[in-house]
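**Student:** Got a structure here, written out as structure tokens. Questions coming.
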Amino acid sequence: DQQVKQNSPSLSVQEGRISILNCDYTNSMFDYFLWYKKYPAEGPTFLISISSIKDKNEDGRFTVFLNKSAKHLSLHIVPSQPGDSAVYFCAASTGNQFYFGTGTSLTVIP
Amino acid sequence: NAGVTQTPKFRILKIGQSMTLQCTQDMNHNYMYWYRQDPGMGLKLIYYSVGAGITDKGEVPNGYNVSRSTTEDFPLRLELAAPSQTSVYFCASTYGPGTGWVYGYTFGSGTRLTVV
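Protein sequence lines, in the order shown, are assigned to chains A and B.
Following the numbering used here, the numbering of the first sequence begins with 1 at its first residue and continues without gaps.
Following the numbering used here, the numbering of the second sequence begins with 1001 at its first residue and continues without gaps.
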């Protein structure tokens, strides 16, 4: 049973515009949420995280929003750059592990 | 600082063969993990370890074995390889709940395994 879901397999955005990637989860016990970025033939790399006690965390061009009542997480990238083109995974933790979504492939068009 | 190192990067196995995927980390992380990623799917947890001598099953452990004799190394053993084990395998490590959860896992670059 998929506890973390990314319902959009792909997203295309013009350079300079905002990219919004979405993630839904089912387990109310999740305590940390993360976004990872993955380029082809590389392992995922950590991008940004948020604790379940917060609703927003910002790091430069990247902002993560958490809506606990809706069990929804989103990543905003502003402004989007061609180098942001990658697969983005959301992940949520409980106990000793993180659970991952299936990923969204972002393409930023120059 | 090498981080998490996985070897080999690529491997082709015949059905029924066995092999060990190597994973080592130099960050003194207590927690280590093995995930597999199939096309169009998320990362599925195979096994994990919260410290030397301690291992536990994840979501998809069948056909695999692990050991953790040192903090640094966490090898994954495939016995009697099957086509269903064709996948990309990622090893990861972290300090664990608390600081580790704020920064998540550090992943290796992956091993692409094909079973024919």
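We treat Cβ as the ideally placed atom computed from N, Cα and C, and that holds for glycine.
Is the segment 1032 to 1041 of chain B touching the segment 68 to 85 of chain A in the sense that three or more CB pairs, one from each, lie closer than 8 angstroms?
**Tutor:** no
**Student:** The beta strand (DSSP E) spanning residue 32 of chain A covers which residue range?
**Tutor:** Here the beta strand (DSSP E) through residue 32 of chain A covers 32 to 38.
**Student:** For residue 100 of chain A, list the residues DSSP reports as bridge partners.
**Tutor:** BP columns for residue 100 of chain A point to A:91.
**Student:** Taking C-beta pairs closer than 8 angstroms, name the residues in chain B that residue 102 of chain A reaches, listed in chain order.
**Tutor:** 1040, 1041 and 1042
**Student:** Output, in chain order, the set of chain A residues within a Cβ distance shorter than 7 angstroms of residue 1108 of chain B.
**Tutor:** 43
**Student:** Apart from the five residues just before and just after residue 1092 of chain B, which ones in its own chain have a Cβ nearer than 6 angstroms to its Cβ?
**Tutor:** 1033, 1105 and 1107
**Student:** Indicate whether the contact test is met: 3 or more Cβ pairs, each with one atom in the segment 1079 to 1096 of chain B and one in the segment 1008 to 1023 of chain B, closer than 8 angstroms.
**Tutor:** yes
**Student:** Quick check on DSSP: helix, strand or coil for residue 1100 of chain B?
**Tutor:** helix
**Student:** What residue range does the beta strand (DSSP E) around residue 58 of chain A cover?
**Tutor:** 56 to 59
**Student:** DSSP has residue 1011 of chain B in a bridge; who is on the other side?
**Tutor:** B:1113
**Student:** Leaving out five residues on either side along the sequence, give the residues of the same chain with a beta carbon under 7 angstroms from the beta carbon of residue 1028 of chain B.
**Tutor:** By the criterion of a C-beta distance shorter than 7 angstroms, residue 1028 of chain B is surrounded in its chain by 1071, once the five residues flanking it on both sides are discounted.
**Student:** Hey, residue 4 of chain A and residue 91 of chain A are a contact pair by Cβ (cut 8 angstroms); roughly how many whole angstroms apart?
**Tutor:** 7 angstroms
**Student:** Can you confirm whether residue 1034 of chain B, when its beta carbon is compared against all beta carbons of chain A, has any partner nearer than 8 angstroms?
**Tutor:** False, the Cβ-Cβ gap to chain A never drops below 8 angstroms.
**Student:** Out of B:1068, B:1060 and B:1046, which one is the CA nearest neighbour of residue 1117 of chain B?
**Tutor:** Shown here, chain B extends from 1001 to 1116; a query on residue 1117 of chain B therefore has no answer.
**Student:** To which residues does DSSP link residue 72 of chain A through a beta bridge?
**Tutor:** A:24 and A:67
**Student:** Where do the ends of the beta strand (DSSP E) carrying residue 1087 of chain B lie?
**Tutor:** Its beta strand (DSSP E) spans residues 1087 to 1094.
**Student:** How close, in whole Å, do the beta carbons of residue 76 of chain A and residue 20 of chain A come, if the pair is a contact with beta carbons under 8 angstroms?
**Tutor:** 6 angstroms
**Student:** Please work out which residues of its chain come closer than 8 angstroms, Cβ to Cβ, to residue 55 of chain A, disregarding the five sequence neighbours upstream and downstream, and give them in chain order.
**Tutor:** 65, 66, 67 and 68
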